[in-house]
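Asker:
In full-length UniProt numbering, the protein residues as written are 1 to 100.
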């Protein structure tokens with residue numbers, strides 16, 4: 001997830017405004033992988049955060065960063081499957097049996 005520069009703002013209420021790097025990362029996420037916003041809305045993002053995310057701060061990013069949210073994507077959050085935060089791992093191929 002590309003919101004690493006936002007961690008301090010999203011998890012610490014003493015950080016008054018999102019830093020410029022956070023806004024840049026948020027814009028990039030909205031432009032390139034908007035479906036990932038669903039993880040913020042459904043709370044999955046807390047699985048990878050160093051501390052619990054403040055939901056209201058997440059919802060303030062569009063206004064604070066002047067980045068409009070794609071409404072069609074937000075509708076998908078409620079109606080379509082959301083890809084997992086981490087891609088599924090493929091099991092390792094079994095090792096060959098030793099020849100006798």
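Ideal Cβ placement from N, Cα and C applies to all residues, glycine included.
Note that the coordinates shown come from a computational prediction; the quantities given were computed from them, not determined experimentally.
State the CB to CB distance for the pair residue 73 and residue 41, rounded to an integer number of angstroms; the pair is presumed to be in contact (CB under 8 Å).
Answerer: With 8 Å as the limit, residue 73 and residue 41 do not qualify as a contact, their Cβ atoms being about 10 Å apart.
Asker: Got a sec? Which residues, its chain only, sit under 7 Å from residue 44 by beta carbon, not counting five neighbours each side?
Answerer: So the list reads 85, once near-sequence residues are dropped.
Asker: Measure the CB-CB distance between residue 51 and residue 11 and report whether it falls below 8 Å.
Answerer: Yes. Within cutoff.
Asker: Counting C-beta neighbours from all protein chains within 10 Å, is the total for residue 58 16 or more, i.e. buried, or is it exposed?
Answerer: Residue 58 should be labelled buried.
Asker: What residue range is occupied by the uninterrupted alpha helix (DSSP H) comprising residue 28?
Answerer: Counting along the chain, the alpha helix (DSSP H) containing residue 28 begins and ends at 20 to 32.
Asker: Counting only runs of 4+ residues fully inside the region 25 to 82, write out the alpha helix (DSSP H) ranges in chain order.
Answerer: List check, alpha helix (DSSP H) in window: 37 to 42, 55 to 65, 71 to 79.
Asker: Look up residue 8 in the DSSP assignment and say whether it is helix, strand or coil.
Answerer: Helix.
Asker: Could you work out which residue in 82, 35, 46, 53 is closest to residue 71 when comparing CA atoms only?
Answerer: Taking only the C-alpha atoms, the option nearest residue 71 is 35.
Asker: Counting C-beta neighbours from all protein chains within 10 Å, is the total for residue 56 16 or more, i.e. buried, or is it exposed?
Answerer: By the 10 Å Cβ count, residue 56 comes out exposed.
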